[in-house]
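One structure below.
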Amino acid sequence: MKGVILAAGRGSRLGDATESLPKPLMTVAGRTCLDFAIEALLAVVEEVIVVTGYRAHLIEDHIAAHWPDAPVRTVRNTMLEAGNLTSLGAARPLIGHAPFVLTNADHLFPADMYTRHFAPRADAGIAIACERERPVLPDEMKVIEKDGALVAISKTLPKYDGAYIGTTRIGADSQTTYWAAFDHVLASRDLASASVEMVLHELAQDPQSAPQVCWLSGLKWFEVDTPEDLAIARESLIA
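In full-length UniProt numbering, the protein residues as written are 1 to 239.
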């Protein structure tokens, strides 16, 4: 099992804060956002792959300094103006045929995210982590599910059952299916906006390949997109 962290973006919605420092290196409770993602994944995977892009050398230096003995490696996405689908594409050769967990560097999950809330299984198909116990914000990725399977995923759904929280697990038994959907999106969408969520939408078009929707309960986590998000996380998580 491998973990893939998408950490190539600048985080422009944070304004001047990311002029010289990429969003994954924003600090909360004395740690970077990236540290939260790495720690949670290392509890369940044999290797973590961090996809860098904007100010890549700073992230690489941070990993070398703070995770020197951990199985964490980096790969650069040179297409900085493209959607995050290209970041997953950059990691694809390192993933190979292994099952993997895909997540974002700006999601601050607790250390037991994958051991308690969203445990990965090497042969358990494709599943996405979702929530429905709190109000869904306008900019969140909304989902519709039926009988536990994903029907639709988009930020613009007028009606929805809950929100996707940016983490997907892909079992070894679903590699061919997942990467076929990836290739179709890559070939048919504008790379400037192509996203990993579009792969999930593609998979949902066929009931045989539709991802399982896992509703998580009791999970305390934070997403860092804006200065307000960063302030809330810092106030809530004290070092």
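Even for Gly, the Cβ is constructed at its ideal location relative to N, Cα and C.
### Query
Buried or exposed: where does Pro24 fall if 16 or more other Cβ atoms within 10 Å of its Cβ makes it buried?
buried
#### Entry: Limits of the unbroken beta strand (DSSP E) element including Ser154
149-154
### Those residues which DSSP pairs with Gly3 across a bridge
Val48, Val101
### Query
Which runs of the alpha helix (DSSP H), 4 residues or longer, sit entirely within the UniProt domain "MobA-like NTP transferase" (3-135)?
33-42, 56-66, 85-95
### Message
Can you find the residues in the same chain that come closer than 7 Å, C-beta to C-beta, to Glu223, ignoring five residues on each side of it along the sequence?
### Response
Asp106, His107, Asp229
### Task
Drop a sphere of 10 angstroms on the beta-carbon of Asp35, count the other beta-carbons inside from all chains shown, and report buried for 16 or more, exposed for fewer.
buried
### Query
Roughly how far, in whole angstroms, is the beta-carbon of Gly48 from the beta-carbon of Gly89, given that I think they are within contact range, below 8 Å?
Looking at the sequence itself, residue 48 is Val, so the reference to Gly does not match. Going by Cβ atoms, the distance from Val48 to Gly89 rounds to 18 Å, so no, they are not a contact pair.
### Query
Hey, would you say Gly83 sits closer than 8 Å to Gln212, going by beta carbons?
no
### Query
Around the C-beta of residue 240, are 16 or more other C-beta atoms found within 10 angstroms, so that it is buried, or is it exposed?
With the chain represented from 1 up to 239, any question about residue 240 goes unanswered, as that position is not in the structure.
### Query
By a C-beta neighbour count over all protein chains shown, 10 Å radius and 16 as the cutoff for buried, is Ile165 buried or exposed?
buried
### Span of the alpha helix (DSSP H) around Val196
196-204
#### Entry: Tyr164 (DSSP reduced to helix, strand or coil)
strand
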